[in-house]
Amino acid sequence: MNIVWLKRDLRTQDHDPLQVAETADEDYLIIYLIEPSHLEHPDFALRHLQFCYHSVKDMNERLTPYGQQVHICYGEAVEIFKHLSEAYNIKQVLSYQESGTRATWVRDKAVSKIFEEKNIQWLQFQRDGILRGIANRINWDKRWYAQMEEVIIENTYSSSEHSIEDQQFKLPAELELQLENMPSAFQQAGESKAWQYLKSFCEGRGADYFKYISKPEQSRSSCGRISPYLAWGCISIRQAYQYVKTHPTRPQNKRAYKQFLTRLHWHCHFIQKFEVDCDYELLCVNPGYEALEYENNPQHLAAWKTGMTGVPLVDACMRCVITTGWINFRMRAMLVSFLCHHLDCDWREGVYHLAQQFLDYEPGIHFPQFQMQAGVTGVNTVRIYNPIKQSKDHDPEGVFIKKWVPELRPFPEAMVHEPWNLTILEKQFYNIDDSYPEPIIDITAAGQAARDKIWGHKKHPEVRKYRRKIIERHTRNRKFSKTAN
Ligand SMILES: Cc1cc2nc3c(=O)[nH]c(=O)nc-3n(C[C@H](O)[C@H](O)[C@H](O)COP(=O)(O)OP(=O)(O)OC[C@H]3O[C@@H](n4cnc5c(N)ncnc54)[C@H](O)[C@@H]3O)c2cc1C
């Protein structure tokens, strides 16, 4: 028989491995692995696994009527495949390629060795137009757009005669309970929910997509909000692309949808780069920035992680993302900028913390984006966000801030951005206590010091050397590229 190994592709439609398994002569089993070693990796968070667990449950609701189901197996991939290859006569394992961290790459290499030993063929399919083993990205964009236009696979299912014994690789009861209890503040998992979000985006929410894209409050409904579904594969990029591109509401939302489709392209563009070099999880894109020294004050880091810096918008964003798992792009960028520039912390001090908070954690986007905002890629313009200006521009009435920082609710609107300006008398007048901290740094001075540091370092010979190389590579790669139409 064959085995379909699900990874970040938790859906029943537009699924190559499931289609090939269904049309092959052999029976097939579908498995999803929860690996104890993965739970130890610093990017792991229970919320990610809860989302995957419920996505698998959603798949099973669709598959059970056809006599198929996804078997969740708890154990290390190598051990599970060793056991399965002894218990069954396995011809092929089918999966998507995983453009993940070094840990998943190393795991895949170990698994591949087992397959070789057992004479099992491992068929790995391209995921969302991301190519493995390419020397450069010339014509990559063109191929990606061609893939997005390809016919969507309509998967069909027939029953399987095989099964995995209930007791084999069983989830520990305690973990299962934790997975069942996914907090309701998170976006709910699964293919059905993915389509609900996409549908409501095109049927109304998306009209103000670009107008509110930078606003922490309004963007929660005007943005697509399909990122967790794309990250864990409850929907393919191609499904999302075609749905929005051909939607009857496109003519009246041309600009908004164009921006949205461009971002789907960015999604894969980032992952493609990470596929080629996953060391960006640990090392600066431009090695010249490894020479930078940081203060890395543990108290500052702890305040940033818990939303207690005394800077209202920064704290509101962090508390919001801890509770809900989502915040818009600009606020993610500001959180990183504040950590790396104002608080003078190395990007590696905070990168896993946010990875754990984002329900849509996608290594191929997360690590490069984090580095871009930290200013260590050497090719992108370094932006140091002033958190007070961001606050006044994007949450002028403090609606978002007051929602997430209840200590600031009694403050008058105009004072919510800089609560430290309130006099003792005013505090008494508004009945305000001291529960909200004073800012842990002088924002203006820290911003200036950060600008001097990061722009000064741009001239470092090592940074220049690598910058030239990176730009040369970019230019070569972009020579024949095409933008969204
Ligand atoms: C520090 C930092 C870390 C980030 N980490 C992640 C991550 O782990 N996973 C993730 O999916 N996105 C990440 N992003 C990108 C972006 O913030 C999210 O994709 C976006 O906020 C998701 O919300 P949405 O689905 O409503 O996006 P929409 O604006 O509706 O866009 C549609 C889709 O396009 C893609 N997309 C949007 N913006 C970007 C972008 N700037 N780069 C690449 N793809 C994009 C996403 O898949 C998104 O779902 C990160 C950004 C920053 C600054």
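Going by my numbering, the sequence shown opens with residue 42, and the numbers climb by one from there.
Ideal placement from N, C-alpha and C gives every residue a C-beta, glycine not left out.
Being a predicted model, the structure only gives us computed values, none of them experimental.
With three or more CB-CB distances shorter than 8 Å, the region 274-292 counts as touching the region 242-249. Shown here, Asn-327 sits in coil according to DSSP, grouped into three states, outside any helix or strand. Taking 9 Å as the cut-off, the Cβ atoms of Asp-99 and Lys-234 count as close.
The region 404-420 and the region 444-453 do not touch, with fewer than 3 CB-CB distances between them shorter than 8 Å. In the structure shown, Arg-389 falls within a helical segment according to DSSP collapsed to helix, strand and coil.
The region 135-162 contains, as complete alpha helix (DSSP H) runs of 4+ residues, the segments 143-158 (chain order). Around Tyr-335, the same chain offers Asp-385, Cys-386 and Asp-387 as residues with beta carbons nearer than 7 Å, after the five sequence neighbours per side are excluded. If you check the C-beta of Glu-403 against ligand 1, you find a heavy atom less than 8 Å away. In this structure the region 148-155 does not lie against the region 103-110, because fewer than three pairs of beta carbons, one per stretch, are closer than 8 Å. Trp-181 carries a helical assignment under DSSP once its states are collapsed to helix, strand and coil.
Close CB contacts of His-501 within its chain, under the 6 Å cut and outside five residues either way in sequence, are with Gly-329 (chain order). Only residues of its own chain outside the window of five on either side were considered, and among them Gln-414, Arg-424, Ile-425 and Tyr-426 have a CB closer than 7 Å to the CB of Ser-378, listed in chain order.
Between ligand 1 and Met-413, a heavy atom-to-CB distance of less than 8 Å is present. Under the three-state reduction of DSSP output, Trp-496 falls in the helix class. Pairing Asn-43 with Ile-179 gives a Cβ-Cβ distance that is not under 9 Å. When DSSP reads this structure, Leu-164 sits in a beta bridge with Leu-135. Asn-43 carries a strand assignment under DSSP once its states are collapsed to helix, strand and coil. Secondary structure note for Tyr-402: it is in no alpha helix (DSSP H), with a DSSP letter that is neither H nor E. Non-local C-beta neighbours of Gly-439 in its own chain, meaning closer than 6 Å and more than five positions away in sequence, comprise Glu-454 and Val-457, ordered along the chain. Residue environment analysis places Trp-236 among the buried positions, since at least 16 neighbouring C-beta atoms fall within 10 angstroms of its C-beta.
Within 10 angstroms of the beta-carbon of Ile-193 lie fewer than 16 other beta-carbons, which makes it exposed. In the three-state reduction of the DSSP assignment, Cys-275 falls in the coil class, being assigned neither a helical nor a strand state. According to the DSSP assignment, Leu-384 belongs to no beta strand (DSSP E), since it is labelled neither H nor E. Between Tyr-137 and Asp-50, the C-beta gap is smaller than 9 Å, which places the two residues in contact. At the C-beta level, Lys-123 and Ile-72 stay beyond 9 Å of one another. Just measuring C-alpha positions, the residue of Gly-265, Arg-88 and Ile-276 sitting nearest Ser-225 is Arg-88.
Distances between the C-beta of Trp-307 and the heavy atoms of ligand 1 include at least one below 8 Å. Boundaries for Val-111: no alpha helix (DSSP H) harbours it, while the beta strand (DSSP E) harbouring it runs 111-115, taken from the DSSP string.
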